[in-house]
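One structure is given below, encoded as C-alpha cells.
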Amino acid sequence: MNKMSQEDILTAPLAETAPSSSPAVGMTGPLAAPRPERRGFWWNILSGLRSLLKGMGVTFRYFSRPSTVVTQQYPENRATLKLFDRSRTLLGMIHDENGFHKCTACHFCEKACPNASITVAERPKPATGKPELDYFTWRMDSCTYCNACVIVCPFSVLTMSGTFENSVFDSRLLIYNLTRYAGPTSQVLMKIADPEERKRMIETRGVFSGVPLLRKGGRK
Amino acid sequence: MVNLQTSWEVRTLSQRASEALAGGQLGLTTGYLFAGLAGLAVFLAAMALVLVYAERKIAAHFQCRLGPMRVGWHGILQSVADSLKLLLKEDIVPTDADRFLHVLAPFMSLLAAILVLVMLPMSPALQVADVNIGVLYVTAVSGLGALGILLGGWSSNNKWSLLGAMRAGAQIISYEVSATLSLLVVVLFSGTLQLSKIVQSQADGWWIWRAPGVGLLAFAIYLIASVAEINRTPFDISEGESELTAGFHTEYSGMRFAFFFLAEFINMFVVSALAATLFLGGWMPFHIGGLATFNAAMDLIPPGAWFAAKSAFLIFVIMWFRWTFPRLRIDQLMRLEWKILLPIGFVNLFLAAMAVLFGFYFFPVQ
Numbered sequence: 001m002n003k004m005s006q007e008d009i010l011t012a013p014l015a016e017t018a019p020s021s022s023p024a025v026g027m028t029g030p031l032a033a034p035r036p037e038r039r040g041f042w043w044n045i046l047s048g049l050r051s052l053l054k055g056m057g058v059t060f061r062y063f064s065r066p067s068t069v070v071t072q073q074y075p076e077n078r079a080t081l082k083l084f085d086r087s088r089t090l091l092g093m094i095h096d097e098n099g100f101h102k103c104t105a106c107h108f109c110e111k112a113c114p115n116a117s118i119t120v121a122e123r124p125k126p127a128t129g130k131p132e133l134d135y136f137t138w139r140m141d142s143c144t145y146c147n148a149c150v151i152v153c154p155f156s157v158l159t160m161s162g163t164f165e166n167s168v169f170d171s172r173l174l175i176y177n178l179t180r181y182a183g184p185t186s187q188v189l190m191k192i193a194d195p196e197e198r199k200r201m202i203e204t205r206g207v208f209s210g211v212p213l214l215r216k217g218g219r220k
Numbered sequence: 001m002v003n004l005q006t007s008w009e010v011r012t013l014s015q016r017a018s019e020a021l022a023g024g025q026l027g028l029t030t031g032y033l034f035a036g037l038a039g040l041a042v043f044l045a046a047m048a049l050v051l052v053y054a055e056r057k058i059a060a061h062f063q064c065r066l067g068p069m070r071v072g073w074h075g076i077l078q079s080v081a082d083s084l085k086l087l088l089k090e091d092i093v094p095t096d097a098d099r100f101l102h103v104l105a106p107f108m109s110l111l112a113a114i115l116v117l118v119m120l121p122m123s124p125a126l127q128v129a130d131v132n133i134g135v136l137y138v139t140a141v142s143g144l145g146a147l148g149i150l151l152g153g154w155s156s157n158n159k160w161s162l163l164g165a166m167r168a169g170a171q172i173i174s175y176e177v178s179a180t181l182s183l184l185v186v187v188l189f190s191g192t193l194q195l196s197k198i199v200q201s202q203a204d205g206w207w208i209w210r211a212p213g214v215g216l217l218a219f220a221i222y223l224i225a226s227v228a229e230i231n232r233t234p235f236d237i238s239e240g241e242s243e244l245t246a247g248f249h250t251e252y253s254g255m256r257f258a259f260f261f262l263a264e265f266i267n268m269f270v271v272s273a274l275a276a277t278l279f280l281g282g283w284m285p286f287h288i289g290g291l292a293t294f295n296a297a298m299d300l301i302p303p304g305a306w307f308a309a310k311s312a313f314l315i316f317v318i319m320w321f322r323w324t325f326p327r328l329r330i331d332q333l334m335r336l337e338w339k340i341l342l343p344i345g346f347v348n349l350f351l352a353a354m355a356v357l358f359g360f361y362f363f364p365v366q
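Chains as they are written, first to last, in this note's numbering: chain A, 1 to 220; chain B, 1 to 366.
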C-alpha cells in the first residue's frame, strides 16, 4: 500500500510547499527570489564596508602581481606567443612525422560545415576502387571558425592549427588545399616497409595546387 | 636634539610679491607673480598628463592588462600623443546649441579647479596665496565646477547632456553638505579656517589620528563625499556612459572636451590634496608630539615630498575605488548621502565639538 509511484515521489515534497490550488502540475510554486539581508542601520553599513574592502582586496591582488597580466604584446612576442586551447585559428590537417595523414575522405566535416566552406574531393583507389582523399578544399574566406569540422572528425585529422596570420592581397589565395598528398591513409602506408614503395603510392598536393573544387548550391 | 624647523614659517608667493612691492622692487614683484601664474599653468598641464597616464596604467593593472605600452618606454608619452591629437581635432558646436554657454562651460569647470589650486599649501615655501577663510573659500569655489557641468549640459541641447548635468547638480548639492560637515571637524580641532595654519596645527600629529575616532570618521566621510563631488566612479552618474552615452560632455569634442577632462583630473588632485592637508597633515612630516628624535628624523624628508606623497596616495585610493566599485543608481546615491552620511556627519561633528570642549584628544592645545 505504501508503494509510491514515480509520479507520487516527484510531487510529494511539492505538496507541502506549494498551495493546494496550484494550477499546473509542473510548477514548483512561487520562485523564492534571494532577498538582500536587511538587519539594521549599522549592520548594513559595516557589512557593506566589509564587502567593499573585500572587492578592493581582489583588485589590489591583481594590481600588485604583474604575473596576473594576460595581455600579450602580439607583434613583438611572435616567437613566444601562447594561444589558448579554445582559440580558433586557421584550419589545419594533422600530418604525422612521416608526412602522412589519417583522413579517409568520409565527408563528415563537409556535412557538418554550416556554410559549405569545406569541400572534400575523393578519387578511387587505383587498386580497389574504393574512395580516398584527393583534395581537401577549405574556404577560409567564408569560414566562421565554428569548430564543427574539428569536433565531428572521427579520426581527429582536422585541428585548429594555431596560426592566424593570413593576410593576402588577393581573396583567391584564401582558398586552401589542406592535404599534402593524395593516396592511402597513414595506416595503410605505414604497413609498407619500403619507403620508396610508399612514395610511389602517393601523389603530392600543395596548398594552392589543383583546381579548387567549390560547392555550388546545397549539400549533396 | 633640537628640532631644526620648529617654526614652520609659511611664506606664500603673494606675500613675497607684496613685500617686494612695499620695498619698491617692482621687478621682483612681477617676477613672483609671474612665477605663480606660470607655475600654476605648467603644474596644471604636467599634472594632467601624469595623472591621465597614471590612471590608464593603474586601471590596466587592476584589470590584468598592461595599458599603454607603445608610445615611448612603457607608453610614457601616450598622454602627450593623446593631447596633441585632441588639440588637432575638429571643434564642433551643435547647430541648436547655446553657442556662448557651450564655449564657456569647459572654462568654468577648469576655472573652479584652478581657483582652489591657488590656495593649496604644497610646502611652507610653495603656496600661491593664503587667506584666513581658506576652508570656506575652497568649499565655495569648488562648487563652481558643478556650474560648468550644468552649463555644459544645458547648452548642448541634448537630452543626455541635460540629464547628466541635472544629476551632477543634484549630486553636488547633496554631497557638499557631508563634505563640509567633515571639514568642520578639522576646523573645530585646529581652531582656524586658514589652510596653512591648519597644516601648522598638525605639528604634533595629524588630525586623522589625533582626534580619536572622529578624525578617522570625518576623513572617511570626506573621502566618500569628495569622490561624489568630483563625479568619479562609483558616483559618476552624471557621465554614466552605459545609460547617458557620455552625460554632460556628450556634445563636446576636441579641445573643449579636453578641458572637461583636464578639470576632472585636476579636481581629483585638488580633492586629494585637500584631504591630505586637513586630515593627513599636508606638508607636515609625520610627527608624534614629544618624540623629538623621531620628529627630527621625519623632518629629514622635505615638506614638499610629504605633501606629494600623501596626495599621490589619496589619488591612488580614488583610482582604486574607480576600478573596483560598480556605479550607484541615483536613488542609491541619494540614500547614501541623506540617510547615512549626513546623520553620521552630524553626530560626528557633535562628538568632535565635545572632544574639543573637554580637550579629549591627543596633545591638546592649552
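Note that CB positions come from ideal geometry on N, CA and C, so glycine has one too.
{"Asked": "Chain A contacts from the region 58–69 of chain B (Cβ-Cβ distance under 9 Å)", "Found": "I58, A60, H61, F62, Q63, C64, R65, L66, G67, M69"}
{"Asked": "Near the ligand PLP: B/A22 beta-carbon under 8 Å from a heavy atom", "Found": "Of ligands this structure carries none, so the ligand PLP is not represented either."}
{"Asked": "For B/I315 and B/P234, the rounded distance between their alpha carbons", "Found": "15 Å"}
{"Asked": "Three-state class that DSSP yields for A/R86 in the structure shown", "Found": "coil"}
{"Asked": "Chain B within 9 Å of A/P23, Cβ atoms only", "Found": "Since pLDDT at A/P23 reaches only 48, below the 50 mark, its modelled position is unreliable, and the value read off the structure follows with that caveat. No - not a single Cβ of chain B is within 9 Å of the one on A/P23."}
{"Asked": "Beta-ladder partner(s) of A/I175, from DSSP", "Found": "A/R139"}
{"Asked": "Contacts of B/T324 in chain A (Cβ-Cβ under 7 Å)", "Found": "G55, M56, T59"}
{"Asked": "Spatial neighbours of B/D236 in its chain, beta-carbon cut-off 7 Å, leaving aside the 5 residues before and after", "Found": "R327"}
{"Asked": "Per-residue burial, B/S242 [other beta carbons within 10 Å of its own, 16 or more giving buried]", "Found": "exposed"}
{"Asked": "Chain B contact for A/Y62 (CB, 9 Å cutoff)", "Found": "yes"}
{"Asked": "Buried versus exposed call for B/Q200 [16 or more other C-beta atoms within 10 Å across all chains shown]", "Found": "buried"}
{"Asked": "Cross-chain neighbours of A/Q73 in chain B, by beta carbon under 8 Å", "Found": "L66, M69"}
{"Asked": "Residues that A/L91 bridges to, as DSSP identifies them", "Found": "A/M160"}
{"Asked": "In DSSP terms, what A/I118 is bridged to", "Found": "A/W138"}
{"Asked": "DSSP state of A/R123 mapped onto helix, strand, coil", "Found": "strand"}
{"Asked": "Where A/P23 sits in the DSSP three-state scheme", "Found": "Confidence in A/P23 is poor, its pLDDT being 48 and thus under 50, which makes the residue's placement unreliable; the coordinate value appears in the next sentence. Three-state DSSP puts A/P23 in coil, outside helix and strand."}
{"Asked": "Chain-ordered chain A contacts of B/W320 [CB-CB under 9 Å]", "Found": "M56, T59, F60, F63"}
{"Asked": "Distance between beta carbons of B/F307 and B/W338, contact taken as under 8 Å", "Found": "Contact flag wrong, Cβ pair sits at about 34 Å."}
{"Asked": "Interface partners of B/I340 on chain A, CB under 7 Å", "Found": "I45"}
{"Asked": "Nearest neighbour of A/H107, chosen from A/A148, A/L53, A/P195, A/L173 [CA to CA]", "Found": "A/A148"}
{"Asked": "Pairwise C-alpha distance: B/F261 and B/A113", "Found": "12 Å"}
{"Asked": "Chain-ordered neighbours of A/T80 on chain B, where CB pairs are closer than 7 Å", "Found": "Neighbours of A/T80 on chain B: none; closest Cβ ~15 Å, over 7 Å."}
{"Asked": "Assigned secondary structure, A/E97 (DSSP; H/G/I helix, E/B strand, else coil)", "Found": "coil"}
{"Asked": "Cross-chain neighbours of A/L52 in chain B, by beta carbon under 7 Å", "Found": "F325"}
{"Asked": "Start-end ranges of the alpha helix (DSSP H) lying completely within the region 230–316 of chain B, minimum 4 residues", "Found": "241–244, 254–279, 292–299"}
{"Asked": "Pairwise C-alpha distance: B/E264 and B/E176", "Found": "17 Å"}
{"Asked": "Per DSSP, the bridge partner or partners of A/L133", "Found": "A/E122"}
{"Asked": "Anticipated Cβ contact below 8 Å, B/A165 with B/F248, distance rounded", "Found": "5 Å"}
{"Asked": "Rounded separation between B/I172 and A/N77 - CA only", "Found": "48 Å"}
{"Asked": "Close beta carbons around A/L53, own chain, < 8 Å, minus the five adjacent residues each side", "Found": "none"}
{"Asked": "Test item: CB-CB of B/A220 and B/L183 under 9 Å", "Found": "no"}
{"Asked": "C-beta neighbour in chain B for A/P66, strict 9 Å", "Found": "yes"}
{"Asked": "Residue-chain proximity (A/F84, chain B), Cβ-Cβ < 9 Å", "Found": "no"}
{"Asked": "Continuous alpha helix (DSSP H) stretch holding B/H61: start and end", "Found": "26–62"}
{"Asked": "Cβ-based neighbour list, B/A275, same chain, cut-off 8 Å, excluding 5 preceding and 5 following", "Found": "F219, Y222, L223, S226, L314"}
{"Asked": "Helix, strand or coil at A/T204 [DSSP, three-state]", "Found": "strand"}
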